[in-house]
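A short worksheet on the structure shown next.
Residue numbers (our numbering): 1 to 233.
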């Protein structure tokens, strides 16, 4: 029995995400809605949702530590939302070990994909009778950009993308999330740019040459669709 809590101060936002879950038949058994921090605290303690999708901007400084403790104790997956694509919000996502960070407005396809992944992951966890013998490889996250990790165990390359007008970054984020990558990168929005992390196994030759080819295609298709200048490194 998998429960989802959607917490946002904007009733249209939380109702809209709930409608997407129902429309796409994402198999959550219960959907809970909260419009204030007090409601969030009450529902987490009373209902113990498995997945929480929460607007970071609604959490005040004096309730932040308590909220972190609650998520650590009760929640399996946390998705954070914000209208502010800032480094501070990214750090808050890291502190909560967030599964994903959504910068508003977010595309319905991405919402569907992330919530489906979370629901399936929680369902598999509940179905397991014995611990898996498989070694878990740490995933790439915001902290991977700033803290050296010896155990990542993969060949990673970064692509940095920046628009001339940083206020239009949500457009670029949506473009990347819907882009038909052969091997989808991990996309990490920062305050003034977007970092895409590509992984290559040891059998793939010349990863930088492959990445250059991918970058050229992205630039070409961006310029065909948008007039906003973009820098890519």
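Even for Gly, the Cβ is constructed at its ideal location relative to N, Cα and C.
Inset, instruction - On a CA-only basis, which of 182, 18, 206 and 190 is nearest residue 217? Give me that one, please. - result: 182
Inset, instruction - Measure the Cβ-Cβ separation of residue 53 and residue 6 and say whether it is below 8 angstroms. - result: yes
Inset, instruction - Kindly identify the DSSP beta-bridge partner or partners of residue 156. - result: 199
Inset, instruction - Kindly indicate which three-state DSSP category residue 132 falls into: helix, strand or coil? - result: Summary for residue 132: the model assigns pLDDT 41, below 50, so the residue's position carries little reliability, and this model does not support an answer.
Legend entry - Sequence ranges, alpha helix (DSSP H) only - wholly within the stretch 43-75, length at least 4: 61-74
Legend entry - residue 190 versus 199, 167 and 206, residue with shortest Cα-Cα distance: Ranking 199, 167 and 206 by Cα distance to residue 190 puts 167 first.
Legend entry - Where residue 109 falls, given that 16 or more other Cβ within 10 Å makes a residue buried: exposed
Inset, instruction - Return yes when the Cβ of residue 170 is within less than 8 angstroms of the Cβ of residue 103, no when it is not. - result: yes
Inset, instruction - Hey, could you find the ends of the alpha helix (DSSP H) residue 31 is sitting in? - result: Residue 31 -> not in any alpha helix (DSSP H); beta strand (DSSP E) instead, spanning 30-34.
Inset, instruction - Kindly confirm or deny that the stretch 24-31 and the stretch 52-72 touch, where touching means at least three C-beta pairs closer than 8 angstroms. - result: no
Legend entry - Cβ-based neighbour list, residue 116, same chain, cut-off 7 angstroms, excluding 5 preceding and 5 following: Close CB contacts of residue 116 within its chain, under the 7 angstroms cut and outside five residues either way in sequence, are with 26 (chain order).
Legend entry - Expected contact under 8 angstroms - CB spacing of residue 172 and residue 194 to nearest Å: Going by Cβ atoms, the distance from residue 172 to residue 194 rounds to 6 angstroms, so yes, they are a contact pair.
Legend entry - residue 163 (DSSP reduced to helix, strand or coil): Reduced to three states, the DSSP call for residue 163 is strand.
Legend entry - Delimiting residues of the alpha helix (DSSP H) encompassing residue 21: 11-23
Legend entry - Helix, strand or coil at residue 122 [DSSP, three-state]: helix
Legend entry - Alpha carbon of residue 79 to alpha carbon of residue 229, nearest angstrom: 31 angstroms
Inset, instruction - Measure the C-alpha to C-alpha separation of residue 120 and residue 2 and round it to an integer number of angstroms. - result: 9 angstroms
Legend entry - Sub-8 angstroms separation of residue 15 and residue 56 beta-carbons: Remark: C-beta atoms of residue 15 and residue 56 do not approach each other more closely than 8 angstroms.
Inset, instruction - Kindly list the residues whose CB is nearer than 6 angstroms to the CB of residue 75, restricted to its own chain and excluding five residues on each side of it in sequence; keep chain order. - result: Within the same chain, residue 75 has close Cβ partners 52.
Legend entry - Distance CB(residue 197)-CB(residue 158) smaller than 8 angstroms: Cβ distance < 8 angstroms, so residue 197 and residue 158 count as in contact.
Inset, instruction - Return the CA-CA distance between residue 177 and residue 34, expressed in angstroms with no decimal places. - result: The C-alpha of residue 34 is placed about 27 angstroms away from the C-alpha of residue 177.
Legend entry - For residue 186, three-class secondary structure by DSSP: strand
Legend entry - Among 86, 112, 220 and 175, nearest to residue 19 - alpha-carbon criterion: 112
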